[in-house]
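Per the working numbering, numbering of the sequence shown is gapless, rising by one per residue and ending at 82.
The beta-carbon is built from N, C-alpha and C at its ideal position, and this holds for glycine as well.
Computed from a predicted model, the values in this text were never measured in an experiment.
First the structure, in the form of structure tokens, and then the observations on it.
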Amino acid sequence: MKTLTIQVEDNFMNDFLNFVGSCKDKIKITKDKNLEYDPYFYERQAQLQQIRDDIKSGKAEMISDKDFWEDIDVYVSSLQK
């Protein structure tokens, strides 16, 4: 069995469910819990994976904790001027 994601217009949902109901021996509908909690779950997951891959490969430059807070202090000081 293959898995697909289908977006259905609100005003077509009943017709769609009637169609799927007529094929219930060949189609199974389940809700994706991840998308119920966060509609952008898979996009965020892909972004985080890309960030992780960039860090591992050295493509993303990591800075030290000390440098980070120095940069924050400089930025905050610039806002107070």
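Whether residue i touches residue j by CB criterion (8 Å)
i          : j          : result
residue 54 : residue 45 : no
residue 52 : residue 61 : yes
Backbone CA spacing between residue i and residue j [nearest angstrom]
i          : j          : result
residue 50 : residue 68 : 25 Å
residue 1  : residue 21 : Lying before the first or after the last residue shown, residue 1 is absent from the chain, which here runs from 2 to 82.
residue 16 : residue 47 : 33 Å
residue 19 : residue 36 : 23 Å
residue 75 : residue 63 : 18 Å
residue 71 : residue 78 : 11 Å
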